[in-house]
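Numbering (our numbering), first residue to last: 277 to 582.
Every residue, glycine too, gets a C-beta built ideally from N, C-alpha and C.
Here is the structure we will look at.
So this is what it looks like as structure tokens:
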């Protein structure tokens, strides 16, 4: 991909991110407001963006590519989970699951889908949404188990059900039905869904910016483990995926989607799980924040290699 195009898209995201930081600093986006905005993104704008990506004529080729994205993503999740357990096995119990989870799970939905839309259009969101399905399945089963035993939360069946009822995944179900059965969508509804979905990218960056504004810079910069986790997430995993997929002859568009998703920073879910299971939630927040900041530099470089 043209490196200039990637840099331009990242700069757009960076400008909105800075606006979010300033808004957080001056109090336009208060602590409670960022949580509500996150809920708006999770339950409304992101599902609408995913749904809008299915509003085009059915193509067996597109559906085949989407299923391939899901299968390839699932395979790489299994590999990266194994590698993360090896790489971070010597860390303390308070931060080991955080390091492992951060290495495996990127911010594929929150930042990945908006980036895919910016770089590859709605086709990118369509394929990327199947990556998000794989993310939810693995994050809420294998990822959840990194922090706790599966039995503590009602078993694998309950966790899998929770993963498959995520709002963005539900949007995939609805979209597939519309896409496969060629259900006509009235123009007014289609445009309304598109307008709401278009809010996802700027809204996500404003939220992330407001969260970054609350972190003390000195505390963020002084922890070597934060840089280590960020490097594995932002550099090692996407490059490893690129090499493997290239060597096995994976179609370029699929490589682009997978590597773009993996180039994103640590998933915000990391902090949620750390807090839920009494791990070092402050450390988890630092990893999420630092990886988000560093991704402004690393993401265009990694994606530009594709």
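Between which residues of its own chain and residue i is the CB-CB distance below 6 Å, once the five residues before and five after are set aside?
i           : result
residue 541 : 383, 567, 568 and 571
residue 282 : 576, 579 and 580
residue 396 : none
residue 377 : 419, 422 and 546
residue 280 : none
Which residue from the options puts its Cα closest to that of residue i?
i           : options               : result
residue 391 : 466, 372, 314 and 476 : 476
residue 417 : 403, 581 and 549      : 549
residue 371 : 398, 423 and 338      : 423
residue 463 : 280, 332, 323 and 563 : 332
residue 421 : 504, 509, 373 and 578 : 373
residue 304 : 368, 546, 483 and 281 : 483
residue 507 : 340, 363, 311 and 526 : 363
residue 440 : 461, 454, 406 and 456 : 406
residue 546 : 556, 539 and 537      : 556
residue 399 : 488, 539 and 342      : 342
residue 473 : 499, 498, 525 and 318 : 318
From the DSSP output, read off the bridge partner residues of residue i.
i           : result
residue 382 : 542
Between which residues of its own chain and residue i is the CB-CB distance below 7 Å, once the five residues before and five after are set aside?
i           : result
residue 344 : 530
residue 470 : 328
residue 380 : 353, 356, 357, 360 and 419
residue 301 : 489
What does the alpha-carbon distance come out to for the pair residue i and residue j?
i           : j           : result
residue 316 : residue 389 : 16 Å
residue 582 : residue 523 : 13 Å
residue 307 : residue 552 : 19 Å
residue 375 : residue 565 : 14 Å
residue 519 : residue 351 : 14 Å
residue 459 : residue 346 : 24 Å
residue 554 : residue 296 : 29 Å
residue 537 : residue 368 : 29 Å
residue 326 : residue 450 : 10 Å
residue 583 : residue 465 : Here the chain has residues from 277 to 582 only, and residue 583 is not among them.
residue 387 : residue 480 : 7 Å
Please return the same chain residues whose Cβ sits closer than 8 Å to the Cβ of residue i, not counting the five positions on each side in sequence.
i           : result
residue 495 : 562
residue 446 : 323
residue 385 : 322, 408, 411 and 444
residue 521 : 348, 530, 531, 534 and 535
Mind pulling the alpha helix (DSSP H) runs of 4 or more residues that sit fully within the stretch 437-497? Segments of the alpha helix (DSSP H) lying fully in the stretch 437-497: 443-456, 463-474, 476-488 and 493-497.
4-residue-minimum alpha helix (DSSP H) runs that sit fully inside the stretch 384-415, ordered along the chain: Within the stretch 384-415, the complete alpha helix (DSSP H) runs of at least 4 residues are 389-414.
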